[in-house]
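Peer 1: Positions 964 to 1265 (the working numbering) are the ones given, in order, by the sequence shown. Let me give you the structure first, and then I'll get to my questions.
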Amino acid sequence: MRNRDVLFGFGLETGAGEVDALLAHATRADRDGLDLVTLSDHPYLADRLDAYAALGVVLGRTTSVTGAVNVTNTPSRPAPMLARTISALSALSGGRVVLGVGAGGLWSEIAKLGVEPLSPARAVRAMEESITLVRALTGGGDPVTFEGEFHRVTDLVPSLPPTPPIWTGSVGPQSLAVTGRLADGWIPGRAADWLSSRFTESRPLIDEAAAAAGRDPADVATIYNVQGRITASPLPAFRDGSGRWFGGSVDQWVDELTSAVLEHGAAGFICFPVDDGTGTDVALSRWAREIVPAVREAIARP
964 MRNRDVLFGF
974 GLETGAGEVD
984 ALLAHATRAD
994 RDGLDLVTLS
1004 DHPYLADRLD
1014 AYAALGVVLG
1024 RTTSVTGAVN
1034 VTNTPSRPAP
1044 MLARTISALS
1054 ALSGGRVVLG
1064 VGAGGLWSEI
1074 AKLGVEPLSP
1084 ARAVRAMEES
1094 ITLVRALTGG
1104 GDPVTFEGEF
1114 HRVTDLVPSL
1124 PPTPPIWTGS
1134 VGPQSLAVTG
1144 RLADGWIPGR
1154 AADWLSSRFT
1164 ESRPLIDEAA
1174 AAAGRDPADV
1184 ATIYNVQGRI
1194 TASPLPAFRD
1204 GSGRWFGGSV
1214 DQWVDELTSA
1224 VLEHGAAGFI
1234 CFPVDDGTGT
1244 DVALSRWARE
1254 IVPAVREAIA
1264 RP
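See below:
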């Protein structure tokens, strides 16, 4: 695993009353050399910012960091328009965008937007169509005509910016198979980590689907949402009784993430710090200025 392959990011606030914090943390992540900032997508909640409107502003306020929606609520964003949106953001930012997609989970809330509820199987098929159509409608080429189960376009000219990396938040077997066939990256759900049963049981399904599609399974990166406290002093234990990581000191984080890369093939980490009373600013500083540089140095050693 080469150093340049491992991404380090930070999850941004999306509350409508947290605009100042969102922009401050995005610009700080950019200045401190992080690779990625992400926002969640819950368009049915009035107290959350629209993810793509916020992402456009974040990319406009930064110069180097890549932005992603983690993950896009595809049922509420028709694939042809999502392709246009992601292409525009790519063009405006110099390619600093990743497309994260999900099949949708909170259907009782999604339906409030006027979206037809889908069964889990149909939702996965709709997500697969979305990925297929976004790929077809980005990167230039001949006009596209597509008649699917959920989407239809006729003689639509693709936009010129290349297709960005596409990551999924797949959970079930069918969705994981879509990831293996079509995606560039996978974010395990519920902040599951590299020692979790979710990872050890799910990743083989991705690899099998990738191989069956003639792809190298290694081309599908695993990027983790990591939640936990970043403490000033070491903790006597940094995993709970179920084995779930809940944080520790800078050195404990460095040891754990270095092991995740070198021993378990982790390709990226997006930090969602748990406030231990010191505030998000302190956590971001410890993450970007202490933990990330130390992990980068450790994994770059021969």
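We put the CB at the ideal spot given by N, CA and C, even for glycine. The structure displayed is predicted, hence computed values, not measured ones.
(1) Quick check on M1044: buried or exposed, where buried means 16 or more other Cβ atoms within 10 Å of its Cβ?
(2) Give a yes or no on contact between the region 1230-1242 and the region 1190-1204, applying the rule of three or more CB pairs nearer than 8 angstroms.
(3) In chain order, which alpha helix (DSSP H) runs of at least 4 residues are fully inside the region 1190-1241?
(4) Anyone know if the C-beta pair for L1267 and L1018 falls short of 7 angstroms?
(5) In terms of residues, what are the limits of the alpha helix (DSSP H) holding L985?
(6) Which value, in whole angstroms, describes the spacing of the CA atoms of S1050 and T1095?
(7) Can you tell which of E1091, E1110, T1108, T1029 has its C-alpha closest to the C-alpha of L1139?
(8) What does the alpha-carbon distance come out to for the pair V1064 and P1167?
(9) Distance, Cα to Cα, G1291 vs L1100?
(10) Given a threshold of 16 other Cβ atoms within 10 Å of its Cβ, counted over all protein chains shown, does V928 qualify as buried or as exposed?
(11) Note down the Cα distance separating A1181 from D1147, rounded to an integer number of angstroms.
(12) To the nearest whole angstrom, what separates the beta carbons of Q1215 and F1232, a pair I think is in contact under 8 angstroms?
(13) According to the neighbour-count rule (16 or more other Cβ atoms, all chains shown, within 10 Å of its Cβ), is F971 buried or exposed?
(14) Which same chain residues, not among the five before or five after V976, have their C-beta less than 6 angstroms away from its C-beta?
(15) Please classify E1164 as buried or exposed, where buried requires at least 16 other C-beta atoms within 10 Å of its C-beta.
(16) Would you mind working out which of A1261, G980, V1061 sits nearest Y1015, comparing C-alpha positions?
(17) What residues are listed by DSSP as bridge partners for I1169?
(18) Let me check understanding here. Comparing Cα to Cα, which of V1097, S1039, D1004, A1089 lies closest to K1075?
(19) I need the boundaries of the beta strand (DSSP E) containing T1029, first residue and last residue.
(20) If the criterion is Cβ atoms closer than 7 angstroms, does the pair V1087 and A1066 meet it?
(21) CA-CA distance, G1240 and H1005?
(22) If we count the other Cβ atoms within 10 Å of its Cβ and call it buried at 16 or more, is S1133 buried or exposed?
(23) Smallest Cα separation from R1252: which of G974, A992, A987, G978?
(24) Relative to the alpha-carbon of R1249, which residue among H988, R1264, D1010, A1223 has its alpha-carbon at the smallest distance?
(25) Should I1169 and G1206 be called a contact, given that it needs their Cβ atoms to be closer than 7 angstroms?
(26) In chain order, what residues of the same chain lie with their CB nearer than 7 angstroms to the CB of T1221, ignoring the 5 residues before and after it?
(27) Please report the residue range of the alpha helix (DSSP H) in which W1070 lies.
Peer 2: Quick look at the numbers:
(1) exposed
(2) yes
(3) 1213-1227
(4) With the chain represented from 964 up to 1265, any question about residue 1267 goes unanswered, as that position is not in the structure.
(5) 982-994
(6) 15 angstroms
(7) E1091
(8) 20 angstroms
(9) This structure does not reach residue 1291, given that the chain is present from 964 up to 1265, and the question cannot be answered.
(10) What is shown of the chain runs 964 to 1265, which leaves residue 928 out entirely.
(11) 9 angstroms
(12) Actually they do not touch by this definition, with Cβ atoms about 14 angstroms apart.
(13) buried
(14) It should be noted that the sequence gives Glu, not Val, for residue 976. Once the five neighbours on either side are set aside, the close Cβ partners of E976 are A984, L985.
(15) exposed
(16) V1061
(17) Answer is none; I1169 lacks a bridge partner.
(18) S1039
(19) 1029-1032
(20) yes
(21) 27 angstroms
(22) buried
(23) A992
(24) H988
(25) no
(26) V1258, A1261, I1262
(27) 1070-1073
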